[in-house]
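Participant: Line by line, the protein sequences give chains A, B and C.
All the letters of the first sequence, read from the start, carry residue numbers 1 to 221 under the working numbering.
All the letters of the second sequence, read from the start, carry residue numbers 222 to 466 under the working numbering.
All the letters of the third sequence, read from the start, carry residue numbers 467 to 681 under the working numbering.
Pasting a structure below so you can have a look.
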Amino acid sequence: MAYQFDFAPVLAQADLLLKGALFTLQLTVVGTVLGLAIGVLGAVVRAWRLRPFDALFGVYVELIRNTPFIVQLFFIFFGLPALGVRLTEWQAAVLAMVINLGAYSTEIIRAGIVAIPKGQLEAAAALAMSRFEAFRHVVLQPALAKVWPALSSQIVIVMLGSAVCSQIATEELSFAANFIQSRNFRAFETYLLTTLLYLVMAIVVRQLLAWLGQRLLMGRR
Amino acid sequence: MPLLRVSALHKYYGDNHVLKGVDLSIEEGEVVAIIGRSGSGKSTFLRTLNGLESISDGVIEVDGEYLDAARADLRSLRQKVGMVFQQFNLFPHLTVGENVMLAPQVVKKTSKAEARQLAHQMLERVGLGEKFDAYPDRLSGGQQQRVAIARALAMSPKVLLCDEITSALDPELVNEVLGVVRQLAKEGMTLIMVTHEMRFAREVGDKLVFMHQGKVHEMGNPREVFAAPQTPELANFIGAVAQVG
Amino acid sequence: MDFTLWDIVRNLLIGLQWTVLLSLVAFVCGGIAGLLLLVARISDSGLWRALARGYIELFQGTPLLMQLFMVFFGIALFGIDVSAWMAAAIALTLFTSAFLAEIWRGCVESIPRGQWEASGSLALSRLEQLRHVILPQALRIAIAPTVGFSVQVVKGTAVTSIIGFTELTKTGGMLANATFEPFLTYGLVALGYFILCYPLSLSARYLERRLHAPA
């Protein structure tokens, strides 16, 4: 029995898919900005060995990197209410993404900081700059520039990983796809188009991040 | 009243006694060349003068700043004692002009406009005014080092430390940097240079310091000392260097 | 009904077994497929290279969840009744093969050109070059990142809970609902993954240091 592909019912709901895609992007942007902020903080704490926080960040990083995102999400959404912290699907999704990206970017940015040649720090010190001034003006930008490809990769990974947020009913792209296919019974076509949409988003976001990296971090070269 | 005075300076790296009691006095406007074999402690000694290396015992006094093993106001010291490095260490993400402007703005809170003007002045002084908006990687080694000198000068230091500043340069680029240093000496800057450039030391230096095994082994006027070294170690050193150079 | 801690742990361990099994299957099958993919990716033929590259970009640029759904619903189109286990194993194998192929490609490309030139001038065919000269050297460099990726595979199995495969996460979910102890249950689930993944992460780092692998 030959299966008849029929994309029409899916395309009829294209607006829902696009809306979902937009939500995924919003989720990603917020998660990225906050996640990178944590990443810079964690990277400095770890690179400068600021006790006892560096050990705390170390534990945080290892916990997140060695457990699946979906479990982190479920823990936040289903587990935290037991402690009296009840979050909406949106809040839980954002929080999970921030915590997740925060851990990965801590390690990535730390590698960038540590890779700054000692001579740069000595030059800054010889110019009477304090450790913080040296970090802000001489270390941070080159460190981020150096690890920007790895960071961008991680951001895209987190964006793709956000698909599981549909499981706690966050109304992003996968949720829209689930909704559509449950109505039109064209599961394969729906998910195929959704997958392609994710692929396009991943490509676009990667380009965007590369461009951003050039503009912000590499100077006007 | 000497501008810089070092008394009984000792430094240990773990069990390694690297500086074994250095005494030195330097007047304002003097050009001091420090020479010696690798391992003699000359670079380490230079780096104690702006606090890049800590000291285990002894005292350093520079223009009213006081350093010993226990305390040092490095921020204040480093505004009076500048340094130029062998590897230049320019900041690659900033233009030449921004490199020079950075410290005055951040440390001395100079306004951007004033810092910019100052940077232009300093770069003119080293002959690189037109490179203001270029990035360091576009410059030759000699040009980068001259920018590094301008960057240090922008802080108006009383003393400029030069740590083998021509050793990493291709031979044909050495002279443009030495030319700048020569000019600075003429203008009255107090210079302390760890160097291998014997000819330069002889021509421009007021005082030659030969370090050996962590101490000042011989010291004096460069022209006299080169002509007639008092100690066999210095004689050997000059002989060995003459063979290479 | 009252559940003891041991009740929960006991059931989670069953789920854990399935997680381990799925991870192993995906890693081994994905490794074999990845090797084939690697050969295609670096082949002389533009067509094979493009196909391999397309495959890799597809699997690296889309969510694992979507890949899983596509396999699950895709196979069903052929009238085959596919179990959650089957779909999970296939999807994770495909996913793993793409990533491992890319990792290994990086390792192969870090082998100096001179090795290719020398073996080529000894009249070895491309496949022989790969087999006898290039891959053995690339293998050494590849160990650390490959072990590192195994962590991603284990974590990836968690997504298969969504199509009903009763691995650790799914089991945890069911238990959380039954016991009304989501904090404890998901906490234990996380612990389970941590126990699997952390040693792998540590090994990867250790191997990286020992074998001085280029970044």
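Yeah, the Cβ is synthetic: ideal placement off N, Cα and C, and Gly gets one too.
Since this is a predicted model, take the numbers as computed values, not measurements.
Enumerate in chain order the residues of its own chain whose CB-to-CB distance from B:Leu390 is below 7 Å, with the five nearest sequence positions on each side excluded.
Facilitator: Same-chain partners within the cutoff: Gly362, Gly363, Gln366 and Val398.
Participant: Could you work out which residues of chain A lie near B:Leu273, taking near to mean beta carbons separated by less than 8 Å?
Facilitator: Near B:Leu273 (Cβ distances below 8 Å), the residues of chain A are Glu122, Ala125 and Ala126.
Participant: What did DSSP end up calling B:Asp243 once you bin it into helix, strand or coil?
Facilitator: Going by the sequence as given, residue 243 of chain B is Val instead of Asp. Looking at B:Val243 - three-state DSSP - the assignment turns out to be strand.
Participant: In chain A, what lies closer than 7 Å to B:Gln300 by C-beta?
Facilitator: Those within 7 Å of B:Gln300 in chain A are Ala128.
Participant: Looking at the structure shown, is C:Met536 part of a helix, part of a strand, or coil, going by DSSP?
Facilitator: C:Met536 falls in the helix class under three-state DSSP.
Participant: Going straight from the alpha carbon of B:Leu344 to that of B:Val321, what length do you get?
Facilitator: Answer to the nearest angstrom: the Cα atoms are 8 Å apart.
Participant: Residues in the same chain with beta-carbon distance under 6 Å from B:Leu288, minus the five sequence neighbours each way, listed in chain order, please.
Facilitator: These residues qualify, in order along the chain: Ile281.
Participant: Which residues bound the beta strand (DSSP E) around C:Ser587?
Facilitator: Taken as a continuous stretch (DSSP letters only), C:Ser587 belongs to no beta strand (DSSP E), being part of the alpha helix (DSSP H) at Arg579 to Ser587.
Participant: Given this structure, state the Cα-to-Cα distance separating A:Ala177 from A:Tyr191, to the nearest angstrom.
Facilitator: About 7 Å.
Participant: Give the range of the alpha helix (DSSP H) segment to which A:Met201 is assigned.
Facilitator: Its alpha helix (DSSP H) spans residues Ala187 to Leu212.
Participant: Report the residues of the region 143-157 of chain A with a CB closer than 9 Å to any CB of chain B, ordered along the chain.
Facilitator: Listed by position, the residues of the region 143-157 of chain A near chain B (Cβ gap below 9 Å) are Ala145.
Participant: Within the region 336-370 of chain B, note down every full alpha helix (DSSP H) run reaching 4 residues or more, in order along the chain.
Facilitator: Runs of the alpha helix (DSSP H) inside the region 336-370 of chain B: none found.
Participant: Which word fits A:Gly222, buried or exposed, when buried means at least 16 other C-beta atoms lie within 10 angstroms of its C-beta?
Facilitator: Only positions 1 to 221 of chain A appear in the structure, and residue 222 of chain A is not among them; the question remains open.
Participant: Does the Cβ of B:Met222 have 16 or more other Cβ atoms within 10 Å, making it buried, or fewer, making it exposed?
Facilitator: Classification of B:Met222: exposed, given that the 10 Å Cβ count is below 16.
Participant: If you measure between the beta carbons of C:Gln561 and C:Gly622, is that distance less than 8 Å?
Facilitator: The question names Gln, yet the displayed sequence has Phe at residue 561 of chain C. Yes, the pair counts as a contact, with Cβ atoms nearer than the cut-off.
Participant: What do you get for C:Val494, buried or exposed, if any count of 16 or more other CB atoms within 10 angstroms of its CB means buried?
Facilitator: By the neighbour-count rule (16 or more Cβ atoms within 10 Å), C:Val494 is not buried but exposed.
Participant: What would DSSP say about A:Gln4, mapped onto helix, strand or coil?
Facilitator: In this structure, A:Gln4 counts as coil in the three-state DSSP scheme.
Participant: Applying the 10 Å Cβ sphere with the 16-neighbour rule, what's the burial state of B:Val305?
Facilitator: Label assigned to B:Val305: buried.
Participant: So is B:Gly363 in contact with chain A if we call contact Cβ pairs under 8 Å?
Facilitator: No - not a single Cβ of chain A is within 8 Å of the one on B:Gly363.
Participant: Do you know whose CA, among B:Val317, B:Ala334, B:Val347 and B:Lys330, lies nearest B:Ala355's CA?
Facilitator: It is B:Val317.
Participant: Check whether chain C comes within 8 Å of A:Val164, counting only Cβ atoms and requiring the distance to be less than that.
Facilitator: True, the Cβ-Cβ gap to chain C drops below 8 Å.
Participant: Any beta carbon from chain C within less than 8 Å of A:Met1's own beta carbon?
Facilitator: At A:Met1 the pLDDT is 44, less than 50, meaning the model places this residue with poor confidence; the figure from the coordinates comes in the next sentence. Judged by the 8 Å Cβ criterion, A:Met1 is in contact with chain C.
Participant: Under 8 Å between beta-carbons, which chain A residues line up against C:Ser667? List them in chain order, please.
Facilitator: Here the neighbours are Glu62, Arg65 and Asn66.
Participant: When the cut-off is 8 Å and only beta carbons count, does B:Gln404 lie next to chain A?
Facilitator: Output row for B:Gln404: interface = no.
Participant: Using beta-carbon positions only, say whether A:Ala103 and A:Val61 come within less than 8 Å of one another.
Facilitator: Going by C-beta atoms, A:Ala103 is nearer than 8 Å to A:Val61.
Participant: Counting C-beta neighbours from all protein chains within 10 Å, is the total for C:Pro602 16 or more, i.e. buried, or is it exposed?
Facilitator: C:Pro602 is exposed by the Cβ-count criterion.
Participant: Can you list the alpha helix (DSSP H) stretches of 4 or more residues lying completely in the region 547-582 of chain C, in chain order?
Facilitator: Whole alpha helix (DSSP H) segments, 4+ residues: 550-575.
Participant: Give every residue of the same chain whose Cβ lies closer than 6 Å to the Cβ of B:Lys241, excluding the five residues on either side of it in the sequence, and list them in chain order.
Facilitator: Contacts found: Gly435 and Lys436.
Participant: Expressed to the nearest angstrom, what Euclidean distance is found between the alpha-carbon atoms of A:Arg51 and A:Gly42?
Facilitator: Computed Cα separation, rounded: 12 Å.
Participant: Mind pulling the chain A residues with CB within less than 9 Å of B:Arg296?
Facilitator: Ordered by position in chain A, the residues that pass the 9 Å Cβ test against B:Arg296 are Ala128, Met129 and Ser130.
Participant: Taking the DSSP output, what are the residues bridged to B:Gly303?
Facilitator: DSSP, once it has assigned bridges, lists B:Leu381 as partnering B:Gly303.
Participant: What does C:Met536 touch in chain A if you count any residue whose Cβ is under 8 Å from its own?
Facilitator: Result: Phe188, Tyr191, Leu192 and Thr195.
Participant: Taking a contact to mean a Cβ-Cβ separation below 8 Å, would you say A:Ile38 touches A:Val98 in this structure?
Facilitator: Cβ atoms of A:Ile38 and A:Val98: closer than 8 Å.
Participant: Pick from B:Phe421, B:Ile247, B:Leu349 and B:Val243: whose alpha carbon is nearest that of B:Leu381?
Facilitator: It is B:Ile247.
Participant: With distances taken from CA atoms, which of C:Ser587, C:Met640, C:Val619 and C:Thr612 is nearest C:Ile628?
Facilitator: It is C:Met640 whose Cα lies nearest to the Cα of C:Ile628.
Participant: Give, in chain order, every unbroken run of the alpha helix (DSSP H) that is at least 4 residues long and sits entirely within the region 256-287 of chain B.
Facilitator: Qualifying alpha helix (DSSP H) stretches, in chain order: 263-269.
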